[in-house]
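**Q**
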Amino acid sequence: MADSASNEFSLKQPDALDSQMTLLCMPPEGGVITYTTPEEWQKAARWQFQEPLQPFHRPEVAKSIERKVDELDTELRELSIKIHDHPELGYKEKYAHDTLTEFMISKGWEVTKHYGGLETAWRASFQVGEGGRTLGFNSEMDALPGIGHACGHNLIAIVGVGGAIAVAAALKEHNIPGKVVLLGTPAEEGGQGKLKLIDAGGYKEMDACLMAHPGPGAAHSTGTGSSLAVQALEVQYLGLTAHAAAGPWEGKNSLDAAFVTYAAVSALRQQIKPTHRVHGIVQGRDWAANIIPDYAKMRWLVRAPTWAETQVLRERVKKCFQAGALATDCKMEYSEQPGTFDLRQNLTLSDEFTEVCRHYGISVDPERPGAIGGSTDFGNVTYEVPSLHPNFAIPTEPNGGNHTAAFARAAGTPEAHQVTLGIIKILAITGARILTDEGFAAKARPKPTCSSMAQ
Numbered sequence: 001m002a003d004s005a006s007n008e009f010s011l012k013q014p015d016a017l018d019s020q021m022t023l024l025c026m027p028p029e030g031g032v033i034t035y036t037t038p039e040e041w042q043k044a045a046r047w048q049f050q051e052p053l054q055p056f057h058r059p060e061v062a063k064s065i066e067r068k069v070d071e072l073d074t075e076l077r078e079l080s081i082k083i084h085d086h087p088e089l090g091y092k093e094k095y096a097h098d099t100l101t102e103f104m105i106s107k108g109w110e111v112t113k114h115y116g117g118l119e120t121a122w123r124a125s126f127q128v129g130e131g132g133r134t135l136g137f138n139s140e141m142d143a144l145p146g147i148g149h150a151c152g153h154n155l156i157a158i159v160g161v162g163g164a165i166a167v168a169a170a171l172k173e174h175n176i177p178g179k180v181v182l183l184g185t186p187a188e189e190g191g192q193g194k195l196k197l198i199d200a201g202g203y204k205e206m207d208a209c210l211m212a213h214p215g216p217g218a219a220h221s222t223g224t225g226s227s228l229a230v231q232a233l234e235v236q237y238l239g240l241t242a243h244a245a246a247g248p249w250e251g252k253n254s255l256d257a258a259f260v261t262y263a264a265v266s267a268l269r270q271q272i273k274p275t276h277r278v279h280g281i282v283q284g285r286d287w288a289a290n291i292i293p294d295y296a297k298m299r300w301l302v303r304a305p306t307w308a309e310t311q312v313l314r315e316r317v318k319k320c321f322q323a324g325a326l327a328t329d330c331k332m333e334y335s336e337q338p339g340t341f342d343l344r345q346n347l348t349l350s351d352e353f354t355e356v357c358r359h360y361g362i363s364v365d366p367e368r369p370g371a372i373g374g375s376t377d378f379g380n381v382t383y384e385v386p387s388l389h390p391n392f393a394i395p396t397e398p399n400g401g402n403h404t405a406a407f408a409r410a411a412g413t414p415e416a417h418q419v420t421l422g423i424i425k426i427l428a429i430t431g432a433r434i435l436t437d438e439g440f441a442a443k444a445r446p447k448p449t450c451s452s453m454a455q
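Per this note's numbering, the sequence shown starts with residue 1, numbered consecutively.
(1) Note down the Cα distance separating ALA444 from LYS179, rounded to an integer number of angstroms.
(2) In three-state DSSP terms, what is GLY431?
(3) Relative to the C-alpha of SER227, which residue among ALA432, VAL385, GLN345 is closest?
(4) Closest to GLN192 by CA distance: which of GLU315, LEU326, ILE81, GLY90 is it?
(5) So, for THR241: in the same chain, excluding its five sequence neighbours on each side, which residues have a beta-carbon less than 8 angstroms away from its beta-carbon?
(6) From the DSSP output, in three-state form, read off LYS196 for me.
(7) Rounding to the nearest angstrom, what Cα-Cα distance links THR222 and VAL364 in this structure?
(8) Determine, for GLU189, whether the minimum Cβ-Cβ distance to residues of chain D falls below 9 angstroms.
(9) Quickly, what does DSSP pair TRP300 with across the bridge? List them, please.
(10) If you draw a straight line from the C-alpha of GLY30 to the C-alpha of ASP98, how long is it?
(11) My parser needs the alpha helix (DSSP H) runs of 4 or more residues fully inside the stretch 163–214; what are they?
(12) Work out the CA separation of CYS209 and THR120 for me, nearest whole Å.
(13) Can you give me the start and stop residues for the beta strand (DSSP E) that ALA332 sits inside?
(14) Comparing alpha-carbon positions, which option in ALA441, ALA428, PRO414, ILE434 lies nearest GLU78?
(15) With distances taken Cα to Cα, identify the nearest neighbour of ASP342 among MET332, GLY379, GLU367.
(16) In the DSSP output, what is PRO274 paired with across the bridge?
(17) Between the stretch 251–261 and the stretch 396–414, do at least 3 Cβ pairs fall closer than 8 angstroms?
(18) What number of angstroms, rounded off, separates the C-alpha of LEU238 from the C-alpha of THR306?
(19) Should MET298 and ILE272 be called a contact, given that it needs their Cβ atoms to be closer than 9 angstroms?
(20) Would MET211 pass as a contact of SER125 if the rule is Cβ separation under 9 angstroms?
(21) Inspect the CB distances between the stretch 188–204 and the stretch 104–124 and report whether three or more fall short of 8 angstroms.
(22) When the Cβ atoms of the stretch 420–429 are set against those of the stretch 156–174, are three or more pairs found closer than 8 angstroms?
(23) Which partner residues of SER363 appear in the DSSP bridge assignment?
(24) What are the start and end residues of the beta strand (DSSP E) that includes LEU135?
(25) For the beta strand (DSSP E) that SER125 lies in, which residues bound it at each end?
(26) Kindly list the residues whose CB is nearer than 6 angstroms to the CB of GLY324, restricted to its own chain and excluding five residues on each side of it in sequence; keep chain order.
(27) State yes or no: is the C-beta of THR224 within less than 9 angstroms of the C-beta of ARG368?
(28) Taking the CB atoms as reference points, tell me whether GLY116 and ALA245 lie closer together than 9 angstroms.
(29) Just to confirm my understanding: we take THR436, look at its own chain, exclude 5 residues before and 5 after, and list those with CB closer than 7 angstroms. What are they?
(30) Report yes if the CB atom of MET141 is closer than 9 angstroms to the CB atom of PRO186, and no otherwise.
(31) Can you have a look at GLY129 and say buried or exposed, based on whether 16 or more other CB atoms are within 10 angstroms of its CB?
(32) In terms of DSSP beta bridges, what is THR340 paired with?
(33) What does DSSP give as the partner residue(s) for VAL111 in the beta ladder?
(34) Tell me whether THR354 is buried or exposed, calling it buried when 16 or more other Cβ atoms sit within 10 Å of its Cβ.
(35) In the DSSP assignment, find the unbroken alpha helix (DSSP H) run with ALA264 in it and report its ends.
(36) Let me check one thing: in DSSP terms, what residues is ILE291 bridge-paired to?
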């Protein structure tokens with residue numbers, strides 16, 4: 001924040017969201033999801049407009065960002081709808097890859113297609129002057145099987161594109177040295193694309209990285225809470241076929257092994273914390289009612305508020321797998337994916353985001369999960385670099401939250417687009433301060449620990 005009160009600046013409210021300002025009730029406690037329909041959204045009032053505790057650091061930069069996002073409105077809407085109407089699964093986002101990279105090239109950015117050895121990853125960068133710091137954004141692209149963009153990744157894509165272009169334009173306009181890097185990150189939905197980009201060095205040069213995720217919620221609200229860490233586990237049971245009527249004693253029933261495991265996990269759930277989650281499915285091949293199954297596969301997701309807790313819970317779940325094998329005399333083959341970590345929201349960035357939201361009449365709940373109650377591979381990014389991943393509410397119907405067909409429809413509406421434009425401005429203004437304020441950037445950097453200094 002600036003030292004001089006002369007830098008005071010009040011952002012223009014997004015046109016589509018203008019309304020009278022009265023206090024908005026926060027979402028109820030106890031994990032209950034709030035849904036706001038488009039009709040209710042229009043009637044809902046914003047939070048009371050509040051002056052920030054301190055004036056903006058560079059008000060002219062904020063104005064430039066806001067102006068640029070307004071200029072991009074139509075183009076961002078077109079990008080969003082193109083991606084929304086061409087849903088692609090993880091690592092198959094070829095249409096989105098080509099559409100987004102061509103757009104960034106058209107804006108004068110240096111673009112690397114198929115970045116980091118991944119067919120559908122990409123990197124776009126824009127340098128102003130010499131030196132300076134580097135701000136990163138992420139654009140997700142993948143959809144869900146059967147229900148399309150039911151997690152709103154078409155909106156996440158344009159948050160990254162719009163935010164990156166707006167910050168770069170402001171740097172250029174005000175001759176501020178620095179770099180903006182936008183990563184197109186594939187396969188967030190279980191494919192751990194960002195982990196592969198971390199391994200490829202995609203985040204090493206960044207001083208901070210930002211993205212935002214849509215979800216249901218009260219009108220004009222956001223959340224900056226954490227997320228659940230998660231690890232995917234797979235167990236295969238190998239048995240022996242036999243005639244189910246004539247000689248079942250000759251077989252080893254792999255499906256029974258899976259059922260014993262399922263029952264054991266169900267019993268375990270009584271003794272795990274309310275914040276922990278274990279859920280899975282059973283798969284097989286060549287099953288018939290008159291044949292003892294010789295093969296069954298189970299895929300489980302183990303979640304907890306922190307990666308450390310997830311590791312402990314994983315070991316308890318593995319004992320359930322072993323119980324299934326022992327009870328049925330089946331051979332067990334076990335494998336696991338690398339862990340997807342919890343979100344470590346950077347407090348300095350979160351505080352700045354909250355201050356900017358005050359100008360827009362947007363409420364910020366620091367306890368509302370940044371990943372809408374689930375998990376995200378961006379959690380691993382937050383372990384690498386100062387990061388922020390807020391959740392923002394868009395209008396949807398009751399029981400139409402993320403990973404539903406109703407949310408896929410909501411993510412393509414003009415109302416959702418207008419909300420997203422406001423979030424782009426807020427996120428870009430927040431991130432720009434990393435590039436314009438050395439003191440702020442230093443405050444956002446993680447403090448060295450004894451272990452890191454020893455290394």
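The beta carbon of each residue, even a glycine, is placed where N, CA and C say it ideally should be.
**A** So, from the listed chains and residues:
(1) In a straight line, the C-alpha of ALA444 is about 17 angstroms away from that of LYS179.
(2) helix
(3) Of the candidates ALA432, VAL385, GLN345, the one whose C-alpha sits nearest the C-alpha of SER227 is GLN345.
(4) GLY90
(5) If you ignore the 5 residues before and after THR241, its C-beta comes within less than 8 angstroms of the C-beta of GLY251, ILE291, ILE292, PRO293, ASP294, all in its own chain and listed in chain order.
(6) helix
(7) Answer to the nearest angstrom: the Cα atoms are 5 angstroms apart.
(8) Of the chains in the structure shown, none is chain D; there is only one protein chain.
(9) LEU233, GLY280
(10) Confidence at GLY30 is low in this model, with a pLDDT of 41, below 50, so the placement of that residue is unreliable and no value is reported for it.
(11) 193–199
(12) 20 angstroms
(13) Per the sequence shown, the amino acid found at residue 332 is Met instead of Ala. That run of the beta strand (DSSP E) goes 331–336.
(14) PRO414
(15) GLY379
(16) Beta-bridge pairing links PRO274 to no other residue.
(17) no
(18) 33 angstroms
(19) no
(20) no
(21) yes
(22) yes
(23) SER221
(24) LEU135 -> beta strand (DSSP E) spans 134–140.
(25) 122–128
(26) ALA257, VAL260, THR261
(27) Against a cut-off of 9 angstroms, the Cβ pair of ARG368 and THR224 comes out as a contact.
(28) no
(29) HIS57, ARG58, VAL61, ILE176
(30) yes
(31) exposed
(32) VAL230
(33) DSSP output for VAL111 lists ALA124 as bridge partner(s).
(34) buried
(35) 254–268
(36) HIS243
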